[in-house]
Amino acid sequence: MHLMTATRPDIAYAVGYVSRFMENPQEEHWVAVKRIFRYLQGTKTHGICFKPGDNIDFRGYSDADWAGDLADRKSTSGYTFMLMGAPVSWGSKKQSSVSLSTSEAEYIALSLAIQEGKWIHRLLCEILAAANETGPELMIREDNQSCIKMTKNPVNHGRAKHIDIKLL
Numbered sequence: 001m002h003l004m005t006a007t008r009p010d011i012a013y014a015v016g017y018v019s020r021f022m023e024n025p026q027e028e029h030w031v032a033v034k035r036i037f038r039y040l041q042g043t044k045t046h047g048i049c050f051k052p053g054d055n056i057d058f059r060g061y062s063d064a065d066w067a068g069d070l071a072d073r074k075s076t077s078g079y080t081f082m083l084m085g086a087p088v089s090w091g092s093k094k095q096s097s098v099s100l101s102t103s104e105a106e107y108i109a110l111s112l113a114i115q116e117g118k119w120i121h122r123l124l125c126e127i128l129a130a131a132n133e134t135g136p137e138l139m140i141r142e143d144n145q146s147c148i149k150m151t152k153n154p155v156n157h158g159r160a161k162h163i164d165i166k167l168l
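Numbering (the UniProt record's numbering), first residue to last: 1 to 168.
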């Protein structure tokens with residue numbers, strides 16, 4: 001399972017979802033697993049391709065659903081980091097607590113993405129410094145306007161005071 005999610009970003013969410021039912025799988029979960037394998041069989045020639053260019057293009061994307069798990073109403077976070085047009089890091093993870101709003105779910109997802117992005121960015125900058133080149137800036141795309149406003153002014157958001165301090 002780790003090999004699949006570490007080499008194929010396109011199945012990270014699906015594999016993560018069905019893995020939640022490994023302890024007590026039902027027929028519908030086995031059907032989903034077979035569907036993932038059929039998808040992999042049909043896309044086995046697909047690979048990760050880096051696009052050439054003069055400037056180093058490094059960007060991240062973050063997103064979340066809100067209360068997407070119907071059983072416990074927890075959200076799922078997801079992120080992808082692209083280098084020269086190809087994914088170099090990605091993840092999909094069920095959040096540990098129930099979010100009270102879409103903005104909160106997105107904020108938690110963005111926090112996860114920032115942690116990963118900082119690590120990749122530092123590594124990239126160190127590699128480029130050895131070649132006497134400057135590293136690109138860390139940019140993460142986020143589509144939720146309330147979440148963006150919360151990150152620009154992280155203080156005094158009454159509805160978000162309950163978000164665990166570890167995220168900040």
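Where is the CB? At the ideal position from N, CA and C, for every residue including glycine.
- W30: not part of any beta strand (DSSP E); member of the alpha helix (DSSP H) spanning E27 to G42, first to last residue.
- Residue environment: H121 is assigned as buried (16 or more neighbouring CB atoms within 10 Å of its CB, all protein chains considered).
- Contact fails between the stretch 23-35 and the stretch 65-80, because fewer than three Cβ pairs, one in each stretch, are under 8 Å apart.
- Going by DSSP, L83 is part of no alpha helix (DSSP H) but of the beta strand (DSSP E) stretching over T76 to L83.
- According to the DSSP assignment, V15 belongs to the alpha helix (DSSP H) that extends over A12 to S19.
- When the Cα atoms are used, I56 and A71 turn out to be separated by approximately 43 Å.
- Shown here for R59: same chain residues with a beta carbon closer than 7 Å to its own, the five before and five after excluded, namely M82, M139 and R141 in chain order.
- G91 and Y79 do touch by the CB rule: their CB atoms are close to 6 Å apart, below 8 Å.
- DSSP places K152 in the helix class (H, G or I) of the three-state scheme.
- R8: not part of any alpha helix (DSSP H); DSSP gives it neither H nor E.
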